[in-house]
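Some notes on the structure that comes next.
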Amino acid sequence: MTEPSPTLPTTEYRAPERRAKPRAPFRQNRRAHERVTILGQPMDLVKPEEVLHHIQQAVRQGAKSLIANHNLHSLYLMQKRPELGAFYDRADLIEVDSTPLLAFSRALGLHSRGFHRCTYLDWRDHFWSVANRDGWRVLSVGGAPGVGDETARRLKLRYPDADIAIHHGFFDARPGSSENAAVLDRITAFKPHILFVGMGMPRQELWIAENFERLPDCVILSVGAAFDYEAGVQSAAPRWMGRAGIEWAYRLLHDPKRLFVRYCVEPWTLLPLALRDIRQAKGRIR
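Straight run, no breaks: the sequence shown in the UniProt record's numbering ends on number 286.
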């Protein structure tokens, strides 16, 4: 399956020099109350640096580890596609990629804070700094043909010691197809430390769950449009908007046709789950 390569902008993103800034301390051991259930689904209250600590530990141990994320869209999809449960059941860490979701959990009396919001854009600079320093092999599966190549070109300019490979996401991903088998063979041959899968929800999650046993021991992350942002094909919101809980408004403004239903309709379907959580929280208080 092929499509013409999109026209890619040439503006380069310059990562800040992280070594010039002191790193904030964080606990390296998780606490039981940091695994919470919100709107019926388990999630982990972690800071971005704790996500990187988990990744580094898994790479050092040569372990297979799956890192997932939840936001309002994924919670909506869980109601429509119950087979997604197989993906989240395998996850060792489930990030909360939604400031409104964290605000709601805080109102329920859970130990959540704004800094628990985690997504690729929140920890990418730290990640690539570590990948460059440690010479990680990073393979990304996803995006349109040509987008990943531009992403790899830009990243290699900034992080020359990271070994970066790309495969587009426009292939027949059905189990048993020859194209799917070829992608899995390439992943196995590359022996990645990190495997990014960015094919959009729920395709990326279902693909990981269906092929999990055939994937090599590495850290596997579902990252949506992460490499579209790196290539400049999509515009990333300033990070302060993410922390303020209004990144959705930025994205909606830039792509209203695709995102109107996601941001303006889907959240209302979660109201029964929210009311159930509120009733349970009141019961705990009593």
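No residue lacks a Cβ here, since even glycine has one placed at the ideal position from N, Cα and C.
If you check the CB distance, valine 96 and arginine 117 come in under 8 Å. Under the three-state reduction of DSSP output, asparagine 71 falls in the coil class, being neither helix nor strand. Taking 8 Å as the cut-off, the beta carbon of glutamate 205 is found no closer than this to the beta carbon of histidine 73.
Nearest to valine 59 by alpha-carbon distance, out of Ala107, Asp134 and Val223, is Asp134. Contact check for threonine 99 against glycine 242 passes: the beta carbons are separated by less than 8 Å. For secondary structure counted as the beta strand (DSSP E) over 3 or more consecutive residues, the segment 86-141 holds these complete runs in sequence order: 93-96. Partner residues in the beta bridge of phenylalanine 196, as assigned by DSSP, are Ser140 and Leu221. In the DSSP secondary-structure assignment, alanine 165 is bridged to Leu139. In this structure, the alpha-carbon of phenylalanine 227 lies about 24 Å from that of glutamine 57. Around lysine 191, the same chain offers Arg137 and Pro216 as residues with beta carbons nearer than 7 Å, after the five sequence neighbours per side are excluded. Listed in chain order, the non-local C-beta contacts of leucine 270 below 7 Å within the same chain comprise Leu39, Leu72, Leu75 and Tyr76, local neighbours out to five positions each way being set aside.
The shortest CA-to-CA distance from glycine 245 to any of Pro256, Thr119 and Val223 is the one to Thr119.
At a Cβ-Cβ threshold of 8 Å, leucine 102 and tryptophan 128 do not count as neighbours.
Within the same chain, Cβ atoms closer than 8 Å to the Cβ of glycine 148 are found at Ser140, Gly142, Ile166, His167, His168, Phe227 and Ala231, the five residues on either side in sequence being excluded.
Excluding the 5 residues flanking it on each side, tyrosine 229 has same chain C-beta neighbours closer than 6 Å at Ala236, in chain order.
DSSP places valine 59 inside the alpha helix (DSSP H), whose first and last residues are 48-61. In the three-state reduction of the DSSP assignment, serine 65 falls in the strand class, which pools E and B.
Put simply, the backbone Cα of methionine 78 is about 29 Å away from that of alanine 182.
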